[in-house]
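Letter by letter, the sequence shown follows residues 0 to 489 of numbering that gives the first Met the number 0. All residues carry an ideal CB built from backbone N, CA and C; glycine is no exception.
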Amino acid sequence: MTQVIPAQEGRLVGLARKAWSSGTLMTWASLMIRMGGLAVLLPLVLTRLPAAEVLVWQLLSTITMLISWTDFGFSPTFARIIAFARGGGGLHDLRAAMPGKVALPAIEHSGPLRMGAVLATQRTVYLRLIGVAMLLAVVAGTAALAKPVAGLAHAPDGWIAWVITIASSQLVLLNGANVSVLTGFDRIATTRRLEAMIGALQIGSASIVTLADGGLVAIIACYSFWQLALYVLNRRNVTRLGVKASADDGFDREIFATIWPAAWRSGVGILMSTGIIQASGLVYAQVATAGDAAAYLLALRLMTTVSQISQAPFYSKLPTMARLRGERKIAEIVPVAARGMALALGAFVVGAVGVTIAAPILLKLIGSNVHFPGFAMSALLALAFFVERYGAMHVQIYSLTNHIIWHVINGVTGVLMVLLFFVLWPLIGPLAMPAAMLGAYLGFCSWYARSLSVKSLETHGWAMDRRTALLPGLALILTLAIYWAWLSFG
Numbered sequence: 000m001t002q003v004i005p006a007q008e009g010r011l012v013g014l015a016r017k018a019w020s021s022g023t024l025m026t027w028a029s030l031m032i033r034m035g036g037l038a039v040l041l042p043l044v045l046t047r048l049p050a051a052e053v054l055v056w057q058l059l060s061t062i063t064m065l066i067s068w069t070d071f072g073f074s075p076t077f078a079r080i081i082a083f084a085r086g087g088g089g090l091h092d093l094r095a096a097m098p099g100k101v102a103l104p105a106i107e108h109s110g111p112l113r114m115g116a117v118l119a120t121q122r123t124v125y126l127r128l129i130g131v132a133m134l135l136a137v138v139a140g141t142a143a144l145a146k147p148v149a150g151l152a153h154a155p156d157g158w159i160a161w162v163i164t165i166a167s168s169q170l171v172l173l174n175g176a177n178v179s180v181l182t183g184f185d186r187i188a189t190t191r192r193l194e195a196m197i198g199a200l201q202i203g204s205a206s207i208v209t210l211a212d213g214g215l216v217a218i219i220a221c222y223s224f225w226q227l228a229l230y231v232l233n234r235r236n237v238t239r240l241g242v243k244a245s246a247d248d249g250f251d252r253e254i255f256a257t258i259w260p261a262a263w264r265s266g267v268g269i270l271m272s273t274g275i276i277q278a279s280g281l282v283y284a285q286v287a288t289a290g291d292a293a294a295y296l297l298a299l300r301l302m303t304t305v306s307q308i309s310q311a312p313f314y315s316k317l318p319t320m321a322r323l324r325g326e327r328k329i330a331e332i333v334p335v336a337a338r339g340m341a342l343a344l345g346a347f348v349v350g351a352v353g354v355t356i357a358a359p360i361l362l363k364l365i366g367s368n369v370h371f372p373g374f375a376m377s378a379l380l381a382l383a384f385f386v387e388r389y390g391a392m393h394v395q396i397y398s399l400t401n402h403i404i405w406h407v408i409n410g411v412t413g414v415l416m417v418l419l420f421f422v423l424w425p426l427i428g429p430l431a432m433p434a435a436m437l438g439a440y441l442g443f444c445s446w447y448a449r450s451l452s453v454k455s456l457e458t459h460g461w462a463m464d465r466r467t468a469l470l471p472g473l474a475l476i477l478t479l480a481i482y483w484a485w486l487s488f489g
């Protein structure tokens, strides 16, 4: 056996410490563990719980996600403000660094930001957010769950799980406030490392509970317990920083006026795009059987995961593109953006085709109590998410100009999506959901975002498409067509 000499051992220890303290690596670890939960816990839930309970479990996860989006982007915004306050920056510096070209009211008081005022403003904002989230959860969430919970063998279990979910979802919002403080103090590695550890414990313990036939309430309670643990530990880390708002510190209107324009635009952008897409599962649960609704939510979750993972090749290039934009090297942005888009869309096609073809087979192999939707549903979802990714990346490219209009693009697209759904529902039934998504993104977002993007890059749309979306798009359509022919005539 080769003996590790002290120098080598020292290098290994150094590398381990560097990885342990790396915000980037810890962020990837947290992301991979969350994605791993899909591969570990989901098959167990699908095989151990009846379809009606799987549906309620998926709906609770969706509602928790929607509640977390009522954050409106305040968490990263407050992280930026706290970092400015630490560095002695003032509101003038902060406004100069805020994205977008928004007219803001004049500042009455100059000078450095006071940390106490920032934290007091954050506290007030999050207390109001929690109030809004609680109201939405109690009213809209309860209405959305009424029919699915009534279909459970023991309906009280569904309502107990719902009460637990309401409480834990508020912890998600509160934890966002803690994370923003820690991020502002450059404790990114600490927060992501803790997220990764808690995520692993959530998945592991929930898997054990599922294997032990713990049922819906036990699984939800297990997940929520670790959410509480995450909040407590992050709160402790914030306390250790030694910063807090004093009794004299209160809500600062100038700070809020500075961050609100960006926050509401971010909120509208999220809710009118991803929010509507994910909320479609809540609508489907009202009009379909438990089995069909659970199948749709499963397909939606898998396609969403593929879409998120496939973003990496493009989003990793954004800092480079931003630097080139700042250096006014517009022509050099084009190949970087084109390569990132092509890789991202290619990765999505591989994942989406894999899900469409392999998921039905794998669900049968593991004895899942939930089937996968028919080919038409999964194919429409794949095409819709492809066009959504295409449009979203063009929006990101245009946003490098610091002219932020994604809330407008997503707002119009969201309205079109809802209108198309109501038009198509009498004609094609449940297929109206992915068809409306595809129609809205094709009808507005994709071409409008593309026109802005290529204009900002001083290039031509067709030239950009040849290098980015043409081959992946043709590959997706051709593969789906071949698979449909095999299903129909094979």
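By the neighbour-count criterion, in which 16 or more other beta carbons inside 10 Å mark a residue as buried, Arg47 falls on the buried side.
In terms of Cβ geometry, Thr120 and Asp247 do not form a close pair [threshold 8 Å]. Here Ala321 has Leu399 as same chain residues with Cβ atoms under 8 Å from its own Cβ, once five neighbours each way along the sequence are excluded. Val44 and Tyr295 have their C-alpha atoms spaced approximately 16 Å apart. Nearest in C-alpha terms to Ala381, of all of Tyr397, Ala330, Val117, Ala434, is Ala434. Straight-line spacing of the CA atoms in Leu451 and Glu326 works out to 20 Å.
By the Cβ neighbour-count rule, His406 is buried, with 16 or more other Cβ atoms within 10 Å of its own.
Taken atom to atom, the span from the alpha-carbon of Val117 to that of Ala82 is near 11 Å. DSSP assignment within the stretch 245-333 yields the following whole alpha helix (DSSP H) runs of 4 residues or more, N-terminal first: 252-269, 275-286, 289-309, 311-314, 317-325. As DSSP reads the structure, Gly89 sits in a beta bridge with Pro111. Of Met31, Gly214, Leu172, Leu30, the smallest CA-CA separation from Ala51 is found for Gly214. Taking every protein chain shown into account, the CB of His393 has 16 or more other CB atoms within 10 angstroms, so this residue is buried. Apart from the 5 residues on each side of it in sequence, Ala78 sits with its Cβ closer than 7 Å to the Cβ of Ser179, Thr182, Gly183 in its chain, given in chain order. Here the alpha carbon of Gly35 sits roughly 13 Å from the alpha carbon of Met196. Take the alpha-carbon of Ser206 and the one of Leu323: they are about 46 Å apart.
Bounds of the alpha helix (DSSP H) holding Phe384 are 374-398. The stretch 123-140 and the stretch 156-169 touch, with three or more beta-carbon pairs separated by less than 8 Å. DSSP, read as helix, strand or coil, puts His406 in helix. Excluding sequence positions up to five before and after Ile219, its CB lies within less than 7 Å of the CB of Leu59, Ala160, Ile163, Thr164, all in the same chain and listed in chain order.
Secondary structure at Gly366: coil, using DSSP grouped into helix, strand and coil. Counting along the chain, Thr61 sits inside the alpha helix (DSSP H) bounded by residues 50-67. Ser74 sits away from Ala228, with the two beta carbons spaced by 8 Å or more.
The straight-line gap separating the alpha-carbon atoms of Gln57 and Val237 is approximately 32 Å. With contact defined as three or more Cβ pairs closer than 8 Å, the stretch 347-364 and the stretch 295-313 are in contact. Two segments are said to touch when three or more pairs of C-beta atoms, one from each, lie closer than 8 Å; by this definition the stretch 332-341 touches the stretch 457-470.
For the pair Ile365 and Leu456, the CB atoms are not nearer than the 8 Å cut-off. The criterion of a C-beta distance shorter than 8 Å is not satisfied by Ala199 and Val208.
DSSP, read as helix, strand or coil, puts Phe443 in helix.
Boundaries of the alpha helix (DSSP H) harbouring Asp464: 460-466, taken from the DSSP string. Ala298 is not a Cβ neighbour of Met416, given a cutoff of 8 Å.
Where Glu457 is concerned, there is no enclosing alpha helix (DSSP H), because DSSP gives it neither an H nor an E.
In this structure Phe374 is not in contact with Met302, their Cβ atoms being roughly 14 Å apart against a cut-off of 8 Å. In this chain, the alpha helix (DSSP H) harbouring Asp156 covers 154-183. With respect to Leu437, Leu379 sits close: the two C-beta atoms are nearer than 8 Å. If you draw a straight line from the Cα of Leu128 to the Cα of Thr257, it comes to about 18 Å. Measuring C-alpha to C-alpha distances from His370 to each of Ala341, Trp483, Ala292, Arg234 identifies Ala292 as the nearest.
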